[in-house]
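Trainee:
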Amino acid sequence: QTRRVLGSYYEGTVVAEYRINNTYAICYKDLLTEDESHALIEVVGEEELRLVPPKVNMAKDDQFVPFEEVDAFDNDGWWVGKISGRKGASKYNVFFDGYGVEILYPSNSQLRPHLEWIGGQWVSASPSRKRMF
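Numbering (the UniProt record's numbering), first residue to last: 1 to 133.
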């Protein structure tokens, strides 16, 4: 995955490496060129790349808690936000600090616990889910 817009990540594949300036050409999985004729390819710096995080299996009775950091899938990418409320048994409001926006998402398909890449390992960003992956 690569960070394309502040607070968001998009899945892609490295298609070329430029060692002189530590950059990579990325072919995005879900982003298209402006004319929508083919997948977008973009050159990004090494600091913008990260591996796709592992799938975090949540038990049926496992729920997100208020202010927990999550990734929400929207606009072809994963956006980092915080749980700000709950509606019914399976929908959560997510607040995005950088944009001042709150959006309702179904928990089973568009939300995942946020993970951070620290010291070569995936680490849960939530104190209630402190695990390494």
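Cβ atoms here follow ideal geometry from the backbone N, Cα and C, with glycine treated the same way.
Starting from residue 84, trace the beta strand (DSSP E) in both directions and tell me its first and last residue.
Mentor: 77-87
Trainee: What is the rounded straight-line gap between the Cα of residue 115 and the Cα of residue 20?
Mentor: 30 Å
Trainee: Can you give the Cα-Cα distance for residue 86 and residue 94, rounded to whole angstroms?
Mentor: 9 Å
Trainee: Reducing DSSP to helix, strand and coil, say where residue 22 ends up.
Mentor: coil
Trainee: With C-beta atoms as the reference, is residue 106 less than 8 Å away from residue 126?
Mentor: no
Trainee: If you compare alpha carbons, which of 64, 12, 108 and 63 is closest to residue 53?
Mentor: Checking every option, the nearest Cα to that of residue 53 belongs to 12.
Trainee: For residue 39, list the residues DSSP reports as bridge partners.
Mentor: Partner(s): 32.
Trainee: Compute the Euclidean distance between the alpha carbons of residue 16 and residue 7, then round it to the nearest angstrom.
Mentor: Note on geometry: alpha-carbon atoms of residue 16 and residue 7 lie some 25 Å from one another.
Trainee: Which value, in whole angstroms, describes the spacing of the CA atoms of residue 110 and residue 88?
Mentor: 16 Å
Trainee: Go through its chain and collect everything with a Cβ distance to residue 22's Cβ below 8 Å, but skip five positions before and after it.
Mentor: 45 and 46
Trainee: When the distance is taken between beta carbons, is residue 32 closer than 8 Å to residue 39?
Mentor: yes
Trainee: Excluding the five sequence neighbours on either side, which residues of its own chain have a C-beta within less than 6 Å of the C-beta of residue 68, listed in chain order?
Mentor: 83 and 126
Trainee: Please report the distance separating the alpha-carbon of residue 48 from that of residue 112.
Mentor: 21 Å
Trainee: Which stretch, first to last residue, makes up the beta strand (DSSP E) that contains residue 121?
Mentor: 121-124
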